[in-house]
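Peer 1: Numbering (UniProt numbering), first residue to last: 1 to 151.
Just so you know, even glycine gets a beta-carbon here, dropped at the ideal spot from N, CA and C.
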């Protein structure tokens, strides 16, 4: 089995909660990469890390928007989390443009806090986030195949 096939099979059998946790882990990693690229004055590395970070945050925000549209409800926590994602996107972009790696420390702290909060939520409600509820490869209620935060 090729590495790509293995990775695809792995993602296709993950729960939505596991995917969300992986996205946060990947996001923290790309912010670390951006910080390192700024220090090294690595312009292509900065561009790549900025694009990856903002793409993940954009997907997370779009998943919340899709959830709001699907349910017809607008939860206060969703609006606040979307605003936070947009703020983080702005901070990442400004850090990239101004070569201010120090600006990324609070971004990482916020992301690490969110990751821990989601881990805690998953561990406190294992039935809702059960491994027995895989996400099929072709299943998506969110527009254009985007991640949905619905359980």
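Once DSSP output is grouped into helix, strand and coil, what is the label at residue 33?
Peer 2: helix
Peer 1: What do you reckon, are the CB atoms on residue 94 and residue 103 nearer than 8 Å?
Peer 2: yes
Peer 1: Count the other CB atoms within 10 Å of the CB of residue 86; is the residue buried (16 or more) or exposed (fewer)?
Peer 2: exposed
Peer 1: How do the segment 39-49 and the segment 61-70 stand: do at least 3 beta-carbon pairs fall below 8 Å, yes or no?
Peer 2: no
Peer 1: Consult DSSP for residue 74 and reduce its assignment to one of helix, strand or coil.
Peer 2: coil
Peer 1: What residue from 100, 29, 20 has the CA that sits closest to residue 108's CA?
Peer 2: 29
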